[in-house]
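This report refers to the structure that appears directly beneath it.
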Amino acid sequence: MNLDFTAEDDLFREEARDWLQDNVPRTPQPPDGWPQREWELAWQAKQYEGGWAGVSWPKEYGGKGLSLTHQLIWFEEYARAGAPNAQLLFVGCNHAAPTLVAKGTEEQKSFHLPKILKGEVLWCQGFSEPNNGSDLGGLRCRAVIDGDHLVVNGSKIWTSSAHLADWQELLVRTDPDVPKHKGITWTICDMKTPGIELRPINIMTAPGHHHFNQVFYTDVRIPLTNVVGEVNDGWNVAMSTLGFERGTASMSEQIRFGVVLEKLIKLAEERLGPGVLEHDEIGARLAQLRAEWAATRAMTYMVVSKSFKGAPGSESSLLRAFVSQLKQRSRRIAVDILGSDSLELPEHDPWIRPYLRTYSETIAAGTSEIQRNIIGERVLGLPR
Amino acid sequence: MNLLPTDEQVQLVDAAKSFLEGEAPMERLRPQYGQVGNHDGKLWPQLGELGFLGIGVAEEHGGLGLGAAEETLVFREYGRHLVSPGILGLVLAGRLAAGDAALTEKILAGKAKVGLSIRRQGGGWHLLEAKDADYVVSYSEEGSELRAVSDYVEVTDIMCMDSHLLLQRAKLSAAKPLRAVKGPELYHVAIQLLSAYAVGVAEGALRMGVEYAKIREQFGKVIGSFQAIKHKCADMAIWAEVASCQVAFSSVVVADKRADAGFQVRASNLVAIDAALKNGATNIQVHGAIGFTAETEAHVYLKRAHVLDTLSGSLREQRTGMLRDPVPA
Chain A
1388 MNLDFTAEDD
1398 LFREEARDWL
1408 QDNVPRTPQP
1418 PDGWPQREWE
1428 LAWQAKQYEG
1438 GWAGVSWPKE
1448 YGGKGLSLTH
1458 QLIWFEEYAR
1468 AGAPNAQLLF
1478 VGCNHAAPTL
1488 VAKGTEEQKS
1498 FHLPKILKGE
1508 VLWCQGFSEP
1518 NNGSDLGGLR
1528 CRAVIDGDHL
1538 VVNGSKIWTS
1548 SAHLADWQEL
1558 LVRTDPDVPK
1568 HKGITWTICD
1578 MKTPGIELRP
1588 INIMTAPGHH
1598 HFNQVFYTDV
1608 RIPLTNVVGE
1618 VNDGWNVAMS
1628 TLGFERGTAS
1638 MSEQIRFGVV
1648 LEKLIKLAEE
1658 RLGPGVLEHD
1668 EIGARLAQLR
1678 AEWAATRAMT
1688 YMVVSKSFKG
1698 APGSESSLLR
1708 AFVSQLKQRS
1718 RRIAVDILGS
1728 DSLELPEHDP
1738 WIRPYLRTYS
1748 ETIAAGTSEI
1758 QRNIIGERVL
1768 GLPR
Chain B
14 MNLLPTDEQV
24 QLVDAAKSFL
34 EGEAPMERLR
44 PQYGQVGNHD
54 GKLWPQLGEL
64 GFLGIGVAEE
74 HGGLGLGAAE
84 ETLVFREYGR
94 HLVSPGILGL
104 VLAGRLAAGD
114 AALTEKILAG
124 KAKVGLSIRR
134 QGGGWHLLEA
144 KDADYVVSYS
154 EEGSELRAVS
164 DYVEVTDIMC
174 MDSHLLLQRA
184 KLSAAKPLRA
194 VKGPELYHVA
204 IQLLSAYAVG
214 VAEGALRMGV
224 EYAKIREQFG
234 KVIGSFQAIK
244 HKCADMAIWA
254 EVASCQVAFS
264 SVVVADKRAD
274 AGFQVRASNL
284 VAIDAALKNG
294 ATNIQVHGAI
304 GFTAETEAHV
314 YLKRAHVLDT
324 LSGSLREQRT
334 GMLRDPVPA
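Written out as structure tokens, the structure is:
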């Protein structure tokens, strides 16, 4: 056991710090819509030009081909520099790209990965359906093979940023006559294909906040060359993506959140006086949260340590299940610090929208209940 | 950077595991209810012979010359087996005795018993596992001391909530300590090892609850198949994992004597005591009525978690301290 970084690691850290200091965007990140898309793509492009995009991605597809330790260092410096959390690019960078790296063909990799890295495209995810959320494996959006195309008919829902996206990672039912997990295909869908229609769905963080969509597919033709992995093997392909999300993909956000907690401690001192940290229930909660964010960092280090021995396993569910609830508890405390000011919802508020946003944490990408089933069954060996 | 134990560290843990499985089976904690007292003193000479009492003591003083990382791994095993916290007294005494060759030899060989003292609210002291001990250790951020047990006067026995432990009230005479060090270094070691022990308690309670959930049947099914129970087990697994990762992290920080040792150790203590208390309670609930009896050791995990909390200066005190230090870079 050691926490020593090599001289080469330290040099990498120094370079990262210097570059970030000079290049982190100074203009505020727009909260939604096309302006946010353009802003995030521009920042991604800048990172690519600086040579910092895809630190642990393979070199042949534009990455730096470095270890997960380097990725960790980059994320730590990224958080320290106060660099923005890429929200819209998350699916492309953290789902689609790792899935393509693991399961894609050469053509798919060399076409898509550089575009994602260079900040040229935005991806969305077409997994959940109106009747298949937690029971993802029962999805029904139908695709039949017609010549060298899949023809898709059906619907997806809770599709974040579908209205801003160029590409979609799409799960479809290609064989309805076999056990449910065996008839699913993972495919890349061009969002400009004829037959795709969107219905915007507002989310709870503010009135008129268009974030989700229901996506309708009517005879949407997708070339078979867009299938990732084999036809009917999409469940396994999808699991490799979700596994990644539950493990290392959330690393940057976890590191970044420690900074949020420090701001909350400062907010409590400013608004309630320094005594609040010693003799108040708020202080006790902040102290516990500070310890838990320190522990989250240690958990992230453990995930990296385990990655030296192999890919992250079901244990990463432990980290994700913990962090999603930790975020809720952390953001909640802002409301208690602010008192009646917490009822105000100004356009650029740093506390209330992010607080409301945390209610998605225990639902998206597998609810806390599904996470606990996975932990119970795959980590602890309890029966289904 | 690598938080996984090295091959040598794994060997040390395996040695501790196999010793404790043979010599400290959990069944020893299932006598009839009442003030039971500590049976584990008979383990000390054996642990001494195996070198476990001097893991963190320098080789020139007769120890193994390792550090807090190795001690942490072993204390986790003590926690899983609910070994008497007198083991902490011995390990701290070994460090305090360095420089006094005869005393060091006696302690590292496990030929002495060492209790722990905790300051009581409103004055005086609580002594734990000191009734048949030769020495008593106290630790705080200001400094740590090793004393002859006779330095404590007006000693009265008190029934301990954790009935496997011996508790007393006492006052401290004006006698000088046998050994004393100033500063927080040994305090950090103490809190680190208490936290490691707490991780073991959290893991032991988790394992016990999960094993029971796999065999106990109700409504024609094992109860672990019900989400109400499965999710409780998952929560125990999460809390134990959170604590074990942070305790591993801080063990290296303490071993390296980094400036952020205080911060990291306190963080470990807050998450590890929290995990031990939660898992101790949840394990009882998973067991149902049998968990409320003295016929299983479920209750001992919970009670030991409370003892660890007290020995750490309580969650309340640690939380106040947690906000005092700046977050390390």
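For the record, the sequence lines run as chains A and B. Okay, so the first sequence: first residue is 1388 according to the numbering used here, each after it adds one. Okay, so the second sequence: first residue is 14 according to the numbering used here, each after it adds one. Just so it is clear, CB atoms sit at the ideal spot from N, CA and C, and this is done for glycine as well.
- The residue among A:Glu1447, A:Lys1543 and A:Val1618 with its C-alpha nearest the C-alpha of Ile1588 (chain A) is A:Lys1543.
- Around the C-beta of Lys234 (chain B), fewer than 16 other C-beta atoms lie within 10 Å, and the residue is accordingly described as exposed.
- Exclusion of the five residues before and after Lys184 (chain B) leaves Gly137, Val166 and Glu167 as the residues of its chain whose Cβ lies within less than 6 Å of its Cβ.
- Three or more beta-carbon pairs separated by less than 8 Å are not found between the segment 1417-1426 of chain A and the segment 1648-1664 of chain A, which leaves the two stretches without contact.
- For the pair Ile1762 (chain A) and Ala289 (chain B), the CB atoms are not nearer than the 8 Å cut-off.
- Per DSSP, His1482 (chain A) is not a residue of any alpha helix (DSSP H), being assigned neither H nor E.
- Going by DSSP, His94 (chain B) is part of no beta strand (DSSP E) at all; its letter is neither H nor E.
- In the DSSP assignment, Glu167 (chain B) falls within the unbroken beta strand (DSSP E) covering Tyr165 to Ile171.
- Listed in chain order, the alpha helix (DSSP H) elements of length 4 or more contained wholly in the segment 88-162 of chain B are 99-110 and 114-121.
- Exposed is the label assigned to Ile1532 (chain A), since fewer than 16 other Cβ atoms lie within 10 Å of its Cβ.
- Pairing Lys144 (chain B) with Asp164 (chain B) gives a Cβ-Cβ distance that is not under 8 Å.
- When the five nearest sequence neighbours on each side are left out, the beta carbons in the same chain lying within less than 7 Å of the beta carbon of Glu1656 (chain A) are those of Val1663 and Leu1664, in order along the chain.
- The C-beta distance from Leu1398 (chain A) to Val1691 (chain A) rounds to 19 Å, too long to fall under 8 Å, and the pair is not in contact.
- By the C-beta density criterion, Asn1518 (chain A) is exposed, having fewer than 16 other C-beta atoms within 10 angstroms.
- A straight-line Cα-Cα distance of about 41 Å links Gly1660 (chain A) and Leu180 (chain B).
- Under the 8 Å criterion on CB atoms, Val1722 (chain A) is classed as non-interfacial with respect to chain B.
- Boundaries of the beta strand (DSSP E) around Gln1601 (chain A): His1597 to Pro1610.
- Judged by DSSP secondary structure, Val299 (chain B) falls outside any beta strand (DSSP E) and instead within the alpha helix (DSSP H) spanning Ala274 to His300.
- Within the DSSP secondary-structure output, Ser1542 (chain A) pairs in a beta bridge with A:Phe1603.
- When the beta-carbon positions are compared, Asp273 (chain B) and Pro197 (chain B) stay at least 8 Å from each other.
- Interface residue (Cβ-Cβ distance to chain A less than 8 Å): Met221 (chain B) is not classified as such.
- Here the alpha carbon of Ser1497 (chain A) sits roughly 26 Å from the alpha carbon of Ala1403 (chain A).
- Counting only Cβ-Cβ distances below 9 Å, Ser1717 (chain A) has no contacts in chain B at all, with the closest Cβ about 14 Å away.
- Legend: CB atoms of the segment 1666-1688 of chain A lying less than 7 Å from CB atoms of chain B belong to residues Gly1670, Ala1671, Leu1673, Ala1674, Gln1675, Arg1677, Ala1678, Glu1679, Ala1681, Ala1682, Ala1685, Met1686 and Tyr1688.
- For the 8 Å CB-CB criterion, Ser1521 (chain A) and Ile1757 (chain A) form a contact.
- According to the DSSP assignment, Trp1439 (chain A) belongs to no alpha helix (DSSP H), since it is labelled neither H nor E.
- A distance of 8 Å or more separates the beta carbons of Val267 (chain B) and Ala110 (chain B).
- Non-local C-beta neighbours of Gln1458 (chain A) in its own chain, meaning closer than 6 Å and more than five positions away in sequence, comprise Val1442 and Ser1443, ordered along the chain.
- Three or more Cβ pairs closer than 8 Å define a contact, and the segment 1736-1754 of chain A falls short of that threshold against the segment 197-213 of chain B.
- Annotated three-state conformation of Lys270 (chain B) is coil, per DSSP.
- Setting aside the 5 residues that flank it on each side, Val1565 (chain A) is surrounded in the same chain by Asn1619, each with a C-beta closer than 8 Å to its C-beta; the list follows chain order.
- Look at His1536 (chain A) here: in three-state DSSP terms it is strand.
- Cβ atoms of Met1689 (chain A) and Leu16 (chain B) come within 8 Å of each other, at about 5 Å.
- Sixteen is the threshold: since fewer than 16 other Cβ atoms of the shown chains lie within 10 Å of the Cβ of Met1626 (chain A), the residue is exposed.
- The way I'd put it, the segment 278-289 of chain B doesn't touch the segment 304-311 of chain B; fewer than three beta-carbon pairs between them come closer than 8 Å.
- For the segment 1437-1456 of chain A, the set of residues with a beta-carbon nearer than 8 Å to any beta-carbon of chain B comprises Thr1456, in chain order.
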